[in-house]
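The structure appears right after this line, and notes come after that.
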Amino acid sequence: LLIALLITGVISYKFIMPKIMGHFAPPMPTTHVETLVLKLQPGSESWQAMGTVKAAQDIIVSSEVSGTIEKLNIANGSQVNQSDVLITIRHQDIAANLQRDEAALQQKELFYQRLQKLIPKHAISDEAVSEAKSAYQQAKAAVNADRALLDKYIIRAPFKGQIGLWQADIGQLVQPGAPLVTLTAMT
Numbered sequence: 035l036l037i038a039l040l041i042t043g044v045i046s047y048k049f050i051m052p053k054i055m056g057h058f059a060p061p062m063p064t065t066h067v068e069t070l071v072l073k074l075q076p077g078s079e080s081w082q083a084m085g086t087v088k089a090a091q092d093i094i095v096s097s098e099v100s101g102t103i104e105k106l107n108i109a110n111g112s113q114v115n116q117s118d119v120l121i122t123i124r125h126q127d128i129a130a131n132l133q134r135d136e137a138a139l140q141q142k143e144l145f146y147q148r149l150q151k152l153i154p155k156h157a158i159s160d161e162a163v164s165e166a167k168s169a170y171q172q173a174k175a176a177v178n179a180d181r182a183l184l185d186k187y188i189i190r191a192p193f194k195g196q197i198g199l200w201q202a203d204i205g206q207l208v209q210p211g212a213p214l215v216t217l218t219a220m221t
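Numbering-wise, our numbering comes out as the position in the sequence shown, counting from 1, plus 34.
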């Protein structure tokens, strides 16, 4: 009998007690769960940076001579190639000097060539030929000097690039070294 009572007590404790205790125990809190369906979408990345960009070449073009600007072959932002004429400074007097010196050169060259033909015939002195040769070389040097000076009145792009700000206008008197235009190599 004692064993039967003991078995009945254990069974009732295991099955009946949780039901009785469930009425007196506080309820378990409910948990709220949210679910999201994830889907792969293209995104956009954005970067911000601060810095300085330096051109490969960036110069201020100026004149080597003083004179009045006759032509501007530039526009802000325009692209130019190496040796393109940017600015022309009035140079008619230099061009006239060049023509005069070219004519003198031609005349002295012909005279020198005539005298050289007379040397084998002993019809001319070596001194006269030497003077003619010297006059011919001087005339040639004068023509080269005129061409070099004329080149200073025609301002060309030293490299391929983009025109920036310019500080020159047609009719303006420019001085040597005065800034005329900026040129930037974009490569």
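For every residue, glycine included, the Cβ atom is placed at its ideal position computed from N, Cα and C.
Residue i versus residue j - alpha carbon distance
i, j, result
"Gln-209", "Val-99", "6 Å"
"Ala-109", "Ile-123", "17 Å"
"Asp-160", "Ala-176", "24 Å"
"Lys-151", "Asn-178", "27 Å"
"Gln-201", "His-125", "20 Å"
"Asp-135", "Ala-129", "10 Å"
"Gly-195", "Met-220", "6 Å"
"Ala-212", "Gly-101", "11 Å"
"Asp-185", "Pro-76", "60 Å"
"Ile-121", "Gln-82", "40 Å"
"Leu-106", "Lys-155", "58 Å"
"Val-67", "Met-84", "45 Å"
"Asp-180", "Ser-97", "17 Å"
"Leu-74", "Leu-199", "49 Å"
DSSP three-state assignment for residue i, whether helix, strand or coil
i, result
"Lys-155", "coil"
"Val-114", "strand"
"Val-215", "strand"
"Val-177", "helix"
"Gly-94", "Per the sequence shown, the amino acid found at residue 94 is Ile instead of Gly. In the structure shown, Ile-94 sits in a strand (DSSP, three-state: E or B)."
"Lys-142", "helix"
"Lys-105", "strand"
"Leu-70", "coil"
Terminal residues of the beta strand (DSSP E) in which residue i lies
i, result
"Glu-98", "Glu-98 -> no beta strand (DSSP E), and no H or E assigned at all."
"Gln-196", "195 to 200"
"Val-119", "119 to 123"
"Ile-189", "188 to 190"
Neighbourhood of residue i by C-beta, 8 Å cutoff - its chain only, sequence neighbours within 5 removed
i, result
"Ala-166", "Lys-142, Phe-145, Tyr-146 and Leu-149"
"Ile-204", "Ile-103, Glu-104, Lys-105 and Leu-106"
Proximal residues to residue i (C-beta, below 7 Å), its chain only, five neighbours per side dropped
i, result
"Val-163", "Leu-149, Gln-150 and Ile-153"
"Gly-111", "Gln-196 and Ile-197"
Cut-off 6 Å between Cβ atoms - residues of its own chain near residue i, not counting five sequence neighbours on either side
i, result
"Ala-138", "Ala-173"
Review point. Should the region 114 to 123 be regarded as contacting the region 182 to 195, the criterion being three or more beta carbon pairs within less than 8 Å?
Key: The region 114 to 123, when compared against the region 182 to 195, does touch it at the 8 Å Cβ threshold.
Point to revise | Inter-stretch contact (C-beta, 8 Å, three-pair minimum) for the region 144 to 152 and the region 166 to 174 | key: As far as the Cβ criterion goes, the region 144 to 152 touches the region 166 to 174, which means the pair count is three or higher.
Review point. Does the region 88 to 96 come close enough to the region 210 to 219 to have 3 or more Cβ pairs within less than 8 Å?
Key: Contact between the region 88 to 96 and the region 210 to 219 is established, with three or more Cβ pairs separated by less than 8 Å.
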